[in-house]
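Sequence order for the protein chains is Z, V, C and S. Letter 161 of the first sequence, counting from 1, is numbered 152 in my numbering, and no numbers are missing. Letter 149 of the second sequence, counting from 1, is numbered 140 in my numbering, and no numbers are missing. Converting from the third sequence to my numbering requires adding 44 to each position, the first position being numbered 1. Converting from the fourth sequence to my numbering requires adding 44 to each position, the first position being numbered 1. The block underneath contains the structure these notes are about, expressed in structure tokens.
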Amino acid sequence: MNWRSCRPLAGAEVVSDVRLLTAPFDPAEELRAFAAAHPGAGGVVSFLGQVRQDGAVEALELQHYGPLTLPGMERLAQGVRARWELDGLLILHRSGVLRPTDPIVLVAAAARHRRDAFAAADFAMDHLKAESWFWKRELVGGVWRWVEPRAQDYADLDRWV
Amino acid sequence: MNWRSCRPLAGAEVVSDVRLLTAPFDPAEELRAFAAAHPGAGGVVSFLGQVRQDGAVEALELQHYGPLTLPGMERLAQGVRARWELDGLLILHRSGVLRPTDPIVLVAAAARHRRDAFAAADFAMDHLKAESWFWKRELVGGVWRWVEPRAQDYADLDRWV
Amino acid sequence: MAKLVFLGRLADVAGRSELDVAPGPLEAVLATLDPALALALLDERVRVALNGDLIAERGVVLGADDELAFLPPVSGG
Amino acid sequence: MAKLVFLGRLADVAGRSELDVAPGPLEAVLATLDPALALALLDERVRVALNGDLIAERGVVLGADDELAFLPPVSGG
């Protein structure tokens, strides 16, 4: 089951594509479709986060809370759109159990001006990491353990204040 | 004919993939392969530049100069690798005649730390735009006209000094 | 019945992700729980959402169809 | 023969992208060209590469197999 949000902003022709996914997705195909959907944008910046294959973590589980998680991602998207002039914005985030090399998150921003696209994707990632309603645990040596928030994630947020 | 450069840095296990392409390429498949080639990297930042479909520009031609263009891209890649800790770096740039929506340039940086990947891709794009040996002309209303360098491109470079 | 929802490590402490409880003041509801769980829920870093809306004040009285979620610090992406 | 290479808009001015010329001092070579082209090549924003290496000094003497490229400001990506 996937929750999808495709709502146009008031006065804008374009929409943000924000989805909370509970099944694997294909970032390459998502990016292909996103770039094709915004032919007037000269540039597309993307961030792909994938489960690191480091030999130690056997699996990763992301939990979300239905009433908060997707609505929070949608509010983030609106904030990004209000702050930079974009042709399009894509925010995809997995929930559930993931294996090494599985994609976790894909953010992409399409814009006429390169700087806007870079800043928007960077900002969206910092806020997704530090503020979105996901809880993560890792399976290491057959034992699940919860991942604590990192101080770096909060420091990243401070760059935008 | 495509020129490819895949040379390992001294002491590094990983290589930079730097190519000057004279035929169309598929950015989605390139990104898929790049992300798969770096399973230990948690994050991949990419920039895709495509010929804008704005109704006015019918075609775009990029010229390069063989003895300078690819060697310059390779030096840029080495500079990026020296400045940030990356698992991988991809720099693809088209030459030749392109049509609206055709991909022009794809830069991708894979890193353990998200900030490194964002900064490396951003830096690489600024320097590709302002310093790499390409000359661009546009076909508008059936007439080719050369594109002059933009002051913004030089301003972007100054951010890194 | 009202419902408590436990996210992240709180679900481990509770041994479950949801728990039906009798309606009433939250204080009284917590008093019926295992003390270790009640203590974890009262951690000041744990935020609380009533029926999907974050609330700042914990002096809430749970009605029969209310859902109260306990949200430890996030660690997403 | 030595070879001159014209990049970007300089190829339009020259009406061609390459031109074979007799070896000799660059100054003498330029004197044999159309004056409008020679003027465009002397623009201070135009950089020069001899056999693939950028050179700062234009007082070069072209040998029989030399390739001299004239590079206007770039406008890539």
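Using N, Cα and C, we set each Cβ at its ideal position, and we do this for glycine too. Since we're looking at a predicted model, the values are computed, not measured.
Which chain V residues are close to S:Gly52, counting only those with a beta carbon under 7 Å from its beta carbon? Position 8 of the fourth sequence, counting from 1, holds the residue named residue 52 of chain S. Residues of chain V passing the Cβ test: Gln54, Trp126 and Trp137.
Would a C-beta distance cut-off of 9 Å place C:Val92 and C:Val104 closer than the cut-off? The residue labelled residue 92 of chain C in the question sits at position 48 within the third sequence. The residue labelled residue 104 of chain C in the question sits at position 60 within the third sequence. In this structure, C:Val104 lies closer than 9 Å to C:Val92 by Cβ.
Does V:Gly2 pass the burial test, meaning 16 or more other C-beta atoms within 10 Å, or should it be called exposed? In the second sequence, residue 2 of chain V corresponds to position 11, counting from 1. Unreliable placement is indicated for V:Gly2, whose pLDDT of 42 sits below 50; the coordinate value is still reported in the next sentence. Answer is exposed; the Cβ neighbour count stays below 16.
Please list the partners that C:Ala75 has in chain Z, where partner means a Cβ-to-Cβ separation under 9 Å. For this step, residue 75 of chain C is matched to residue 31 along the third sequence. What C:Ala75 touches in chain Z: nothing, since even the nearest Cβ is about 25 Å away.
Below-9 Å beta-carbon distance, S:Gly107 vs any chain V residue: For the purposes of this step, residue 107 of chain S is taken as residue 63 along the fourth sequence, with counting starting at 1. Output row for S:Gly107: interface = no.
Taking the straight line between their C-alpha atoms, what separation do you get for Z:Glu139 and Z:Arg128? As a working note, residue 139 of chain Z is residue 148 in the first sequence. As a working note, residue 128 of chain Z is residue 137 in the first sequence. When rounded, the distance between both Cα atoms is 9 Å.
Under 8 Å (Cβ pairs) to chain V, residues found in the region 18 to 35 of chain Z: Pro18, Ala19, Glu20, Leu22, Arg23, Ala26, Ala27, Pro30, Gly31, Ala32, Gly33, Gly34 and Val35
Whole-angstrom Cβ separation of Z:Ser37 and Z:Ala112, contact assumed at under 8 Å? As a working mapping, residue 37 of chain Z is identified with position 46 in the first sequence. As a working mapping, residue 112 of chain Z is identified with position 121 in the first sequence. The Cβ separation is near 7 Å, so the contact holds.
So, is the C-beta of V:Asp149 closer than 9 Å to a C-beta in chain S? Counted from its first residue, the second sequence places residue 149 of chain V at position 158. Taking Cβ atoms only, chain S never reaches closer than 9 Å to V:Asp149, which makes this a no.
Chain S residues whose Cβ lies nearer than 7 Å to that of V:Asp140: Position 149 of the second sequence holds residue 140 of chain V. In the sequence as presented, Asp is not what sits at residue 140 of chain V; that position holds Pro. Ordered by position in chain S, the residues that pass the 7 Å Cβ test against V:Pro140 are Pro117, Val118 and Ser119.
Is there a Cβ of chain V sitting closer than 9 Å to that of Z:Ser37, yes or no? For the purposes of this step, residue 37 of chain Z is taken as the residue at position 46 of the first sequence. At least one chain V Cβ lies under 9 Å of Z:Ser37.
I'd like to know if V:Ala121 contacts chain S, where contact means its C-beta is closer than 9 Å to some C-beta of that chain. The residue you call residue 121 of chain V lines up with position 130 of the second sequence. It does: the Cβ of V:Ala121 has a partner Cβ on chain S nearer than 9 Å.
Does the Cβ of S:Met45 have 16 or more other Cβ atoms within 10 Å, making it buried, or fewer, making it exposed? Along the fourth sequence, read from residue 1 onward, the residue named residue 45 of chain S stands at position 1. With fewer than 16 Cβ atoms within 10 Å of its Cβ, S:Met45 is classed as exposed.
For V:Gly40, go through chain Z and note every residue whose CB falls closer than 9 Å to its CB, in chain order. Sequence index remark: in the second sequence, residue 40 of chain V carries index 49 (1-based). Result: Gly33, Gly34, Val35 and Arg105.
Using a Cβ-Cβ cut-off of 9 Å, state whether V:Met116 counts as contacting chain Z. Reading the second sequence from its first residue, position 125 is the one you call residue 116 of chain V. At least one chain Z Cβ lies under 9 Å of V:Met116.
Best match in Z:Ala108, Z:Trp151 and Z:Trp126 for proximity to V:Leu39 [C-alpha to C-alpha]: Residue 39 of chain V sits at position 48 when you count from the first residue of the second sequence. The shortest Cα separation from V:Leu39 among Z:Ala108, Z:Trp151 and Z:Trp126 belongs to Z:Ala108.
Chain C beta carbons: is any one of them nearer than 9 Å to that of Z:Pro58? Sequence index remark: in the first sequence, residue 58 of chain Z carries index 67 (1-based). At least one chain C Cβ lies under 9 Å of Z:Pro58.
Starting from Z:His104 and walking both ways along the beta strand (DSSP E), at which residues does that stretch end? Taking the first sequence and counting its residues from 1, the one referred to as residue 104 of chain Z is at position 113. Z:His104 -> no beta strand (DSSP E), and no H or E assigned at all.
Below-9 Å beta-carbon distance, S:Leu83 vs any chain V residue: Position 39 of the fourth sequence, counted from the start, is the residue given in the question as residue 83 of chain S. Judged by the 9 Å Cβ criterion, S:Leu83 is not in contact with chain V.
Counting beta carbon pairs with one atom in the region 44 to 52 of chain Z and one in the region 79 to 98 of chain Z, are three or more of them shorter than 8 Å? yes
Could you confirm whether any beta carbon from chain C is found closer than 9 Å to the beta carbon of Z:Pro15? In the first sequence, counting from the first residue as 1, residue 15 of chain Z sits at position 24. Not an interface residue.
Could you tell me which whole beta strand (DSSP E) segments of length 3 or greater appear in the region 81 to 115 of chain S? 91 to 94, 97 to 99 and 111 to 115
State the Cα-Cα distance for the pair V:Gly133 and V:Leu97, rounded to the nearest angstrom. Looking up residue 133 of chain V in the second sequence gives position 142. Looking up residue 97 of chain V in the second sequence gives position 106. Each residue's alpha carbon lies about 28 Å from the other.
Within a Cβ cutoff of 8 Å, which residues of the same chain sit near S:Ala75, ignoring the five residues on either side of it in sequence? Start at 1 with the first residue of the fourth sequence, and residue 75 of chain S comes out as number 31. The residues are Ala82.
Short CB-CB distance (under 9 Å) between C:Leu98 and chain Z: Here residue 98 of chain C refers to the residue found at position 54 of the third sequence. Taking Cβ atoms only, chain Z reaches closer than 9 Å to C:Leu98, which makes this a yes.
Cβ of V:Pro94 less than 9 Å from any chain S Cβ? Position 103 of the second sequence, counted from the start, is the residue given in the question as residue 94 of chain V. By this cut-off, V:Pro94 is not an interface position.
Using a Cβ-Cβ distance cut-off of 9 Å, determine whether C:Glu111 contacts chain Z. For this step, residue 111 of chain C is matched to residue 67 along the third sequence. Cβ-Cβ to chain Z under 9 Å: yes for C:Glu111.
Listing by chain order, which chain Z residues have their CB less than 8 Å from the CB of C:Ala93? Within the third sequence, residue 93 of chain C is the residue found at index 49, counting from 1. Here the neighbours are Tyr56, Pro58 and Leu59.
If we cut at 9 Å on Cβ distances, does C:Asp56 have a partner in chain Z? The residue labelled residue 56 of chain C in the question sits at position 12 within the third sequence. Yes, contact with chain Z.
Can you find at least 3 beta carbon pairs, one from the region 60 to 68 of chain Z and one from the region 67 to 81 of chain V, that sit closer than 8 Å? no
Inter-residue Cα distance where the pair is V:Leu59 and S:Asp97: By 1-based counting over the second sequence, the position of residue 59 of chain V is 68. By 1-based counting over the fourth sequence, the position of residue 97 of chain S is 53. Approximately 8 Å between the Cα atoms of the pair.
Any Cβ of chain Z within less than 9 Å of the Cβ of V:Arg43? Working through the second sequence from its first residue, we reach residue 43 of chain V at position 52. Chain Z contact via Cβ: present.
Where does Z:Phe25 fall in DSSP's three states? Counting from one through the first sequence, the residue named residue 25 of chain Z turns up at place 34. Z:Phe25 falls in the helix class under three-state DSSP.
DSSP three-state label for C:Val57, please. As a position in the third sequence, residue 57 of chain C is number 13, starting the count at 1. Helix at C:Val57.
Taking DSSP's pairing of strands, which residues face V:Arg128 in a bridge? Taking the first residue of the second sequence as position 1, residue 128 of chain V is located at position 137. V:Arg128 is bridged to V:Glu52 and V:Trp137.
With a Cβ-Cβ cutoff of 9 Å, do S:Leu106 and S:Leu112 count as a contact? Looking up residue 106 of chain S in the fourth sequence gives position 62. Looking up residue 112 of chain S in the fourth sequence gives position 68. Their beta carbons are under 9 Å apart, which means S:Leu106 touches S:Leu112 by this criterion.
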